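First residue of the sequence shown? That's 2 in this note's numbering, and the numbers climb one at a time after it. Read the structure below first, then the notes.
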Amino acid sequence: MVGLIQEGQDLMDEDFEGGVKDAALISAAQRVEHYEIAAYGSVRTWTGLLGETEAEALLEQTLEEEKETDQKLTQLAEEINVEAKGSGKEEEEESDETIAGRKAKSARA
Ligand SMILES: [Fe+2]
Numbered sequence: 002m003v004g005l006i007q008e009g010q011d012l013m014d015e016d017f018e019g020g021v022k023d024a025a026l027i028s029a030a031q032r033v034e035h036y037e038i039a040a041y042g043s044v045r046t047w048t049g050l051l052g053e054t055e056a057e058a059l060l061e062q063t064l065e066e067e068k069e070t071d072q073k074l075t076q077l078a079e080e081i082n083v084e085a086k087g088s089g090k091e092e093e094e095e096s097d098e099t100i101a102g103r104k105a106k107s108a109r110a
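Okay, structure coming up:
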């Protein structure tokens, strides 16, 4: 978990363009959620096998909350990933225009 949190922190420090940082942070958050889902799922199963029904029920509730959070992040990613891809294209197009403008200026000179 410490490594996953560090990955998220490292992404925060990156200089991404447009919505790319948002897309990357959602991905990092989903990695944390998936880790939690695996951990809560395992412990929930173990408590069931041990007959700890109250603990099993609480862990099942927590597991479902983690899954809901993951689904919400997936919904956000579906929109933000497209925006991030689009923002990259605009910058590419601007860059192409800048290059074309420079070539035109140098041709005139
Ligand atoms: Fe979580």
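Backbone N, C-alpha and C define an ideal beta-carbon position, used for all residues, glycine too. On a predicted model such as this, the values are computed, not experimentally measured, just so you know.
How about the region 19-30 and the region 43-57: do they share at least three Cβ pairs that are nearer than 8 angstroms? no
For Met1, which three-state DSSP category applies? The structure shown has nothing for residue 1, since the chain only spans 2 to 110.
Specify, as a first and last residue, the run of the alpha helix (DSSP H) that Glu53 falls within. Glu53 -> no alpha helix (DSSP H), and no H or E assigned at all.
Does DSSP put Glu80 in a helix, in a strand, or in coil? helix
In three-state DSSP terms, what is Asp16? coil
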